[in-house]
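Everything on this sheet refers to the single structure shown next.
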Amino acid sequence: MPPMPAPETATIHIVDQRFKLRLWIRTRLWAQVLVAMALGFALGIPLGPDVGWVEPRTAELIGAWLALPGQIFLGLIAMVLVPLIFASIVGGLTGASSGGELKVIGGRLAAFIVTTTFAAAWIGVLLARWLKPGDSMMLPAPRASSAPPADTPFDLAQAPDIIAGILPTNPTASIVQGDTLAVVVLALLVGLAATQARSEKVAPFLALLDALLSIAMTIVKWAMLLAPLAVFGLMAQLVMRVGLETVAGMSSYMGTVLLGLALLLGLYLVVVALVGRLDPWGFLSTASGTLLLAFSTSSSSAIMPMTIQTAHRLGVPDQVARLVVPLGATMNMAGTALYQTVAMLFLAQMAGIELDLGQIIVITTTLVASSIGAPGTPGVSIAILLSVAAAFGIPTEGMVIILGVDRLLDMSRTVVNVTGDLVAAVILRNSGDAGAVAPAPAAL
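Once you know that position 50 of the sequence shown is 30 in the working numbering, the rest is easy, because the numbers rise by one and skip nothing.
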């Protein structure tokens, strides 16, 4: 029988292992975020409505203070988001070696966004028709304050005005208001114009944008120091507001959405393996920190700088990453489209409305068109749902139920949206001549 280690030796071994664990966590942002998320969840449960250790108003006050680092984190990112998007897209366009390369990247990116968004929407339709999560729910009685007022129903006659309204006729107002879609359109126009102008004329302007991008990225690095505290506070506040009982009552609906998102994530990994020629697990390992931040912030726009850095680590050339990721953060919303189709059919099932195939096709197409170009910020999906539901005569009283768990699902679909942005960057990394800059490894 081997001799037992001395108590002093065992104590030293335990202390050494704890030191190594702390060092391992401190050197990995994703591990810090994961620990902070778990601690925030654990703190939110006893302070939430289910346990009731504190009064609701007190819990709201505690949650507001806990979420303060998260609000500062999101505020710092939002402060530099517009210049970062503008400088990244213009730099990506002017960094292309030829106009043909731009056409290849732009065409393939558009095809990827449209194809995956429609595929995601129909995954949601099939799951909602198969699992029928709304059949077991009773539509709540209408209340004036149950949900935000629905937008004016969409009319096809409004389409020309909507399309014309995309053009930023007042760029200053678009920048001040943080209209990301208008900023993207403006950046595309400026970048394309810069590629047609003489290089010596636009060189000072491009140098200014490059300096602006460096400053913005420095501020992002400062903001990242708050990331673990931000995640801890936001998660605690979320659990305190929602409560576990609300989540359990919506398990069928949430399970349908999460299953669809998991299938879409699996589809992305297949594309990474077959088209991007990367090991899917290596891809997830490299992207894990960014995806955890996406989950905790519920905003693909807020973590766009980290997504660009992750794309670099995946072997994506800088000019491709700076072009694809900002466009993806604004337009590539496949996870949102899947969620919206499930939510729309869920509302119809709760109201006892049987939609035929033609109606489903029209609703799905409308939701896909609404998803592409929707801002990558929390809560946008609810506004889109209200507008489309009103257009098709689906009662919106059930939105009060959806609102209760929307933030949790928003966090999950943001992960899928950001994954889609990275997948697009990976499969486009060898487009044109850009692939010669930084060829990606076969496996990570």
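All C-beta atoms, glycine included, are put in the ideal place defined by N, C-alpha and C.
Assumed close pair residue i, residue j - CB separation to whole angstroms, cut-off 8 Å
i, j, result
"Ser278", "Thr394", "5 Å"
"Val403", "Val251", "6 Å"
"Met286", "Leu272", "That belief does not hold up - the Cβ atoms of Met286 and Leu272 are roughly 10 Å apart, past 8 Å."
"Met311", "Ile93", "6 Å"
"Met244", "Ile103", "It is Leu, not Met, that sits at residue 244 in the sequence shown. Contact flag correct, Cβ pair sits at about 6 Å."
"Ile352", "Thr97", "6 Å"
CB of residue i within 7 Å of CB of residue j, strictly
i, j, result
"Val105", "Thr321", "yes"
"Pro148", "Leu166", "yes"
"Ala331", "Gly213", "no"
"Ala452", "Ala301", "Missing from the structure shown is residue 452; the chain here goes from -19 to 424 and no further."
"Gly235", "Val70", "no"
"Ala309", "Ser280", "yes"
"Pro29", "Gly223", "yes"
"Leu366", "Ala317", "no"
"Gly101", "Thr399", "In the sequence under discussion, the amino acid at residue 101 is Ala, which differs from the Gly named in the question. No, these two residues do not count as a Cβ contact at 7 Å."
"Ala282", "Val60", "no"
"Ala67", "Leu186", "no"
Per-residue burial, residue i [other beta carbons within 10 Å of its own, 16 or more giving buried]
i, result
"Leu107", "buried"
"Thr198", "exposed"
"Gly256", "buried"
"Leu337", "exposed"
"Ala242", "exposed"
"Leu408", "buried"
"Leu188", "exposed"
"Asn397", "buried"
"Asp386", "buried"
"Gly208", "According to the sequence displayed, residue 208 carries Pro and not Gly. It counts as buried."
"Leu205", "exposed"
"Ile341", "exposed"
"Ala16", "buried"
"Val156", "exposed"
"Leu41", "exposed"
"Thr95", "exposed"
"Gly87", "exposed"
"Gly24", "buried"
"Gly246", "exposed"
Contacting residues, own chain, Cβ-Cβ under 8 Å from residue i (five flanking each side not counted)
i, result
"Ser154", "Pro148, Ala162, Val163 and Leu166"
"Lys112", "Gln329"
"Gly415", "Low confidence applies here, because Gly415 scores a pLDDT of 46, under 50, leaving its location unreliable and the question unanswered by this model."
"Leu389", "Met234, Val237, Leu238 and Tyr319"
"Val304", "Gly72, Ile85, Leu89, Ala291, Val296, Asp401, Ala404, Ala405 and Leu408"
"Trp33", "Pro26 and Leu27"
"Val200", "Leu56, Ile57, Val60, Leu64, Pro285 and Met286"
"Leu168", "Ile69 and Leu73"
Beta-carbon proximity list for residue i, same chain, < 7 Å, skipping 5 on both sides
i, result
"Gly43", "Ala216, Gln217, Met220 and Arg221"
"Arg293", "Thr266"
"Ala253", "Pro260"
"Leu19", "Phe212"
"Thr152", "none"
"Ser350", "Ile364 and Val368"
"Ile382", "Ala323"
"Ile333", "Ile374"
"Gly240", "Ile103, Gly104, Leu107, Leu318 and Val322"
Sequence-distant residues of its chain with Cβ nearer than 6 Å to residue i (five each side left out)
i, result
"Thr65", "Checking the sequence, you will find Ile at residue 65 rather than Thr. Val163 and Pro306."
"Gly114", "Phe326, Gln329 and Met330"
"Leu335", "Ala328"
"Ala203", "Phe53, Leu56 and Ile57"
"Phe263", "Val252"
"Ala210", "Pro49, Gly50 and Phe53"
"Phe275", "Met391 and Val395"
"Ile288", "Ala301 and Val305"
"Leu249", "Pro260"
"Met230", "Val385"
"Ala22", "none"
C-beta neighbour in chain E for residue i, strict 7 Å
i, result
"Gly86", "Here there is only one protein chain, and chain E is not present."
In chain order, which continuous runs of the alpha helix (DSSP H) of length 4 or greater are located wholly inside the segment 282 to 326? 284 to 293 and 298 to 311
Only counting runs of 3 or more residues, tell me where the beta strand (DSSP E) segments fall wholly within the segment 3 to 72, in order along the chain. Given a length threshold of 3 residues, the segment 3 to 72 has no whole run of the beta strand (DSSP E) inside it.
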